[in-house]
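Undergrad: Residue numbers (my numbering), protein chains in the order written: chain A, 11 to 522; chain B, 11 to 522.
There are 2 protein chains.
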Amino acid sequence: MIGAESLVRTLLASGVDTCFANPGTSELYFISALDRVPGMRCVLGLFEGVVTGAADGYARMTGRPAATLLHCGPGLANGLSSLHNARRANSPIVNVVGDTASFHRPLDPALTADTEGFARPVSAWVRTASSAVNLGEDGAVAVQAARTSPGRIATLIVPADISWGEGGHVATPLPVPAAPQAAPGTVKQVAAILRRGEPAVIFLGGKALLAEGLPVASRIAAACGVRLLAQQSNARIQRGQGRVPLECVPYAMALAQRALAGTRHVILAGIHCPVALFAYPNQRGSVCPNDAEVHVLARPEQDAVQALKALAEELHAPAAPAVSLSAPPEPARGPLVREAVGQTLAALIPEEAIVIDEGVSFGAGFYGQTQASAPHDWLQHTGASLGMGLPMAIGAALGAPGRRVIVVQADGSAMYTVQALWTQARERLDVTTLVLANRKYAILAGELANLGGQPGPVSGRLMDLGNPELNWVKIANGMGVEAAQAQDCDELASLLTHSLGRRGPFLIELLI
Amino acid sequence: MIGAESLVRTLLASGVDTCFANPGTSELYFISALDRVPGMRCVLGLFEGVVTGAADGYARMTGRPAATLLHCGPGLANGLSSLHNARRANSPIVNVVGDTASFHRPLDPALTADTEGFARPVSAWVRTASSAVNLGEDGAVAVQAARTSPGRIATLIVPADISWGEGGHVATPLPVPAAPQAAPGTVKQVAAILRRGEPAVIFLGGKALLAEGLPVASRIAAACGVRLLAQQSNARIQRGQGRVPLECVPYAMALAQRALAGTRHVILAGIHCPVALFAYPNQRGSVCPNDAEVHVLARPEQDAVQALKALAEELHAPAAPAVSLSAPPEPARGPLVREAVGQTLAALIPEEAIVIDEGVSFGAGFYGQTQASAPHDWLQHTGASLGMGLPMAIGAALGAPGRRVIVVQADGSAMYTVQALWTQARERLDVTTLVLANRKYAILAGELANLGGQPGPVSGRLMDLGNPELNWVKIANGMGVEAAQAQDCDELASLLTHSLGRRGPFLIELLI
């Protein structure tokens, strides 16, 4: 058995059955092995940032790693930005990167690059395979590394001669280490703090944001009068009717610091202490008050849900109060202003939808407006590198079949990974994309205003996407995705409803 | 003066007057400084691979570095693939990468990454600025590093607080070091080899491929009966009517090794010894015979043209024979088969055109067919990372105004950096793009055949771009570029002629 086949069989044996791929010549043995070995779902992306972003979306919805298949250092390089976002989401991913044959590398052919160097900044685990005999085992270790809590990126670099070399064997899957539990002493200490009754906030992260963890946190909040909060951007929050509503820290630092003002104790459950995305002259970077005490109940890699359960027991907290949310709103009418677009979205989010939020400036308020929508998952922009929405939708749709994906997508951001539309069409994925076409990098103008400046002749042009105007209907159609423009909320509601009632992708360009 | 302004003024003083940009918040002080300081041409790209690819094209045509402006580690990451190609072309580039404020970095906000780690594999020079006072000097050193022969990539990382910090001053431009000259002894040794009259090849690279160097090499070739060759892919070759014709080493290793068979001496003038792009089981990686002696007349960073002149003098080589090329062909008629498309291109290349060749498999023969076209420059794919054509066209057009750019562009490759079309439209660049729409990764099928395999159910689908079909007219129109489809050579000739007679970009989708 050649190395490549042993790797494919090992990945499958280890539970990795989905591969997002943009292969090149060095990966031919791997993809040929896929012809012989059934069971791996392969999804082609026409750009590597689509491939790695899809793997992020898949991991967020399944909790399991997909494999990516990338071509040499430069191919991996194209996937790094999405891997940065995935790393910040603690998404497990196994990157398989084909590379120059080891005996050819000293000749420095054109594609040769420092592949390990590219991989390290985004990967918790990097290995260059050195023998076909061991390649199966390398794959099993990579999967184990990816599945180590809280979810990590593992990059296995496979020189072509290791792929084609004989002597490979399928490795036994390695155990997935359980997430470490918080120490009982830590739980008791946090309980003692909360019993004091001083103003406190519990920051929830990771699995504490899902349907199992939130009611436990809600018990504690009700029992002790503490507030629950999430950081500004989170990998996945389960919310909507029947679920515990959860606010996120606002993006604007003035609002964020106001939201935390007076807090004496900050309890961290599965998350690091939230900080501002950007620094400003003469401003603090933490959202928490200087004199607040920070207490770590569970680090991101620890089992935050178990820690919350232990804390609730320690506090003898009664059962969580029933969640009572008002009914979702009706769709708005009239112009596509922020509030009205958010209201229309809130009205029409279908049950069990997956909302991917790369709304950036225009869409910043939609999270707050959709608290009472039908139950859904909300996926945010953890790494702040633009272009996560369209690729993540691919992986989310494949990882959670039967559920509608709605992408709230700023237009400038969408362009970074626009090739994702083609894969959505090819795989006939149930994705509705709302392109918020303000035709500018509005966040830059906003941040410039924060700094007391305003766009001039050069900087203004560098923020302007309106000359020429991007036409998203044509772009989407050119990649096989049906699309239409909405000029007001009535058209938006009509098109959104239309898209939800059909199979396959649909794109709505909102002329905001 | 704030640091950012001192950097802008220093870049201008050092001769860097073009900036390809995809800015983010960390770069706001830089772009605001551009509002106050005249003289920097700023060109927006909607994806960083467009920005860095444009800088490569600009450098190849001007010999001078442009600046790029990129946003933090993930923004730089998106530009790495094009920088890989630029590094292989020895293109001078100065990357300015804004980053997290230095005092904010320890809090690890979402965009924070190992920016230096991303930069190192592609950069000959990397520095993270540590003080606004020194930022001007950092810029001057970066330009000097970029302009050091044979042309290098310099990456200057500028944390936001260094940009906004006071105390900056404009640095004096630093001298550009002259390319080192080949030692006189080396010239004599090579001359002695050539006088033996044994079968020899001179490989030309770098500036030896331009109009000044080629006639000198031609003198030597005629005097000694040696052959001249270029490697498979080169940064820039000046050719066509009135110029010395030059063959490139074929891509297919069997053909390449046959072309070099019997060669006793390989002379390298401004180039490393050519090697195969890919390795194959049980095959040699060098294109040169095992028993050939390799002699370095000039390393890539040395002045190869001067070395050739000295060699010609040493050999008392008479003036170069007049170049006599047959007339260019007439445009072909009928179906869009390879030979006919190449012939039509050869017939219609206008004088002083710049041809950017990312034709990959279908376009592989076009170089040979256009030897007798009107005088033009031919720019090839030095790093083999896909997606260089559309971005390079931006930089080439801006670096050589008044000259038509023709991009010979494979469709699969075009998708990696498709956003470049928008910048072509915005800047109204005289670029004609020929998309060779075979709707597959044909090179993969070809390489699989080389390995004795054939596409199966999975691998075949991973090479197929036809489901759904990309429509390049719609994609181009969606980004503001006029476009049309050609179904046969008559339509191709008509559309190509049409595009050459107008200003601004035009895209022709060849339904091959």
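Glycine residues also receive a C-beta, built at the ideal position from the N, C-alpha and C atoms. Treat the numbers as computed from the prediction; the structure is a model and nothing was measured.
Could you please tell me which residues of the region 93-110 of chain A, in chain order, have their CB closer than 9 Å to any CB of chain B?
TA: Of all residues in the region 93-110 of chain A, those with a C-beta nearer than 9 Å to a C-beta of chain B are L93, H94, N95, R97, R98, T110, reading in chain order.
Undergrad: Assuming contact is defined by CB atoms lying nearer than 7 Å, are A289 of chain B and A111 of chain A in contact in what I supplied?
TA: yes
Undergrad: For R348 of chain B, which residues from the same chain have a beta carbon less than 7 Å from its beta carbon, with the 5 sequence-adjacent residues on both sides left out?
TA: F372, G375
Undergrad: Which full runs of the alpha helix (DSSP H) of 4+ residues lie inside the region 148-204 of chain B, going along the chain?
TA: 170-174
Undergrad: Threshold first: 4 residues or longer. Then list the alpha helix (DSSP H) segments lying entirely within the region 209-297 of chain A, N to C.
TA: 223-234, 263-270
Undergrad: Look at the Cβ atom of S91 of chain B, then the Cβ atom of P84 of chain A, and state whether they are nearer than 7 Å.
TA: In this structure, S91 of chain B sits near P84 of chain A, with a CB-CB distance shorter than 7 Å.
Undergrad: In terms of residue numbering, what span does the beta strand (DSSP E) encompassing E457 of chain A cover?
TA: For E457 of chain A, no beta strand (DSSP E) encloses it; the enclosing alpha helix (DSSP H) starts and ends at 452-460.
Undergrad: On a CA-only basis, which of A:L287, A:L520, A:L166 is nearest Q495 of chain A? Give me that one, please.
TA: A:L520
Undergrad: For Q353 of chain B, does the three-state DSSP call read helix, strand or coil?
TA: Residue state for Q353 of chain B is assigned as helix, using DSSP reduced to three classes.
Undergrad: Given A64 of chain B, which residues of its chain have a CB within under 6 Å of its CB, disregarding the five upstream and five downstream residues?
TA: F30, P401, I404, G405
Undergrad: At a CB-CB cut-off below 7 Å, which residues of chain A make contact with F57 of chain B?
TA: M425, Y426
Undergrad: Note down, in chain order, each residue of its chain lying with its Cβ closer than 8 Å to the Cβ of V254 of chain B, except the 5 sequence neighbours on either side.
TA: L224, P225, A227, S228, L238, A330, V333
Undergrad: Taking 7 Å as the threshold (beta carbon to beta carbon), is S504 of chain A in contact with chain B?
TA: Cβ-Cβ to chain B under 7 Å: no for S504 of chain A.
Undergrad: How would you list, in chain order, the residues of chain B whose beta-carbon sits under 7 Å from the beta-carbon of I41 of chain A?
TA: In chain order: V468, S469, L472.
Undergrad: Name the chain A residues whose beta carbon is nearer than 9 Å to that of G295 of chain B?
TA: A111, F113, H114, P116, L117, P119
Undergrad: What three-state label does DSSP hand N144 of chain A in the structure shown?
TA: helix
Undergrad: Just to make sure I have the definition right: I need the residues of chain B whose C-beta is within less than 8 Å of the C-beta of I485 of chain A. Which are they?
TA: K484, I485, G488, M489, listed in chain order.
Undergrad: Run through chain B and tell me which residues come within less than 9 Å of L480 of chain A, C-beta to C-beta.
TA: L56, W432, G488, M489, G490
Undergrad: If the cut-off is 8 Å on Cβ atoms, which residues from the region 155-189 of chain B count as contacting chain A, listed in chain order?
TA: A170, D171, W174
Undergrad: Can you round the beta-carbon distance between P169 of chain A and D109 of chain A to whole angstroms, since I take them to be within the 8 Å contact cut?
TA: With a Cβ gap of about 5 Å, P169 of chain A and D109 of chain A count as contacting.
Undergrad: Does DSSP put F30 of chain A in a helix, a strand or coil?
TA: In this structure, F30 of chain A counts as strand in the three-state DSSP scheme.
Undergrad: Rounded to whole angstroms, what's the CA-CA distance from I103 of chain B to N95 of chain B? Just pull it up for me.
TA: Using only the alpha carbons, I get a separation of about 12 Å.
Undergrad: Express the C-alpha separation of P209 of chain A and E303 of chain A in angstroms, rounding to a whole number.
TA: So the alpha carbons of these two residues sit roughly 11 Å apart.
Undergrad: Confirm, please, whether the CB-CB distance from T392 of chain B to A156 of chain B is below 7 Å.
TA: no
Undergrad: Buried or exposed for A493 of chain B, going by 16 or more other Cβ atoms inside 10 Å?
TA: buried
Undergrad: Could you work out which residue in A:E479, A:M398, A:A264 is closest to T443 of chain A when comparing CA atoms only?
TA: A:M398
Undergrad: P345 of chain B bridges to which residues according to DSSP?
TA: B:D498
Undergrad: Beta-carbon of S395 of chain A versus every beta-carbon of chain B: anything under 7 Å?
TA: Yes, S395 of chain A counts as interfacial toward chain B.
Undergrad: How long is the line joining the alpha carbons of Y3 of chain B and A322 of chain B, rounded to whole angstroms?
TA: Coverage of chain B is limited to positions 11 through 522, which leaves residue 3 of chain B absent and any answer about it impossible.
Undergrad: List, in chain order, every chain D residue whose beta-carbon is nearer than 8 Å to that of G127 of chain B.
TA: The structure shown has no chain D; the protein chains it does contain are A and B.
Undergrad: Given E222 of chain B, which residues of its chain have a CB within under 8 Å of its CB, disregarding the five upstream and five downstream residues?
TA: V315
Undergrad: Examine the Cβ distances between the region 31-41 of chain A and the region 51-61 of chain A and report whether three or more of them are shorter than 8 Å.
TA: With the rule of 3 Cβ pairs closer than 8 Å, the region 31-41 of chain A counts as touching the region 51-61 of chain A.
Undergrad: For the region 475-493 of chain A against the region 411-428 of chain A, are there 3 or more C-beta pairs whose distance is under 8 Å?
TA: yes
Undergrad: For Q464 of chain B, which residues of its own chain have a beta-carbon under 7 Å away from its beta-carbon, when the five flanking residues on both sides are left out?
TA: The beta carbon of Q464 of chain B sits closer than 7 Å to the beta carbons of L458 from its chain, once the five residues preceding and following it are set aside; these are given in chain order.
Undergrad: Can I172 of chain A and A139 of chain A be called in contact, C-beta distance under 7 Å?
TA: yes
Undergrad: Can you tell me whether Q434 of chain A is helix, strand or coil according to DSSP?
TA: Three-state result, Q434 of chain A: helix.
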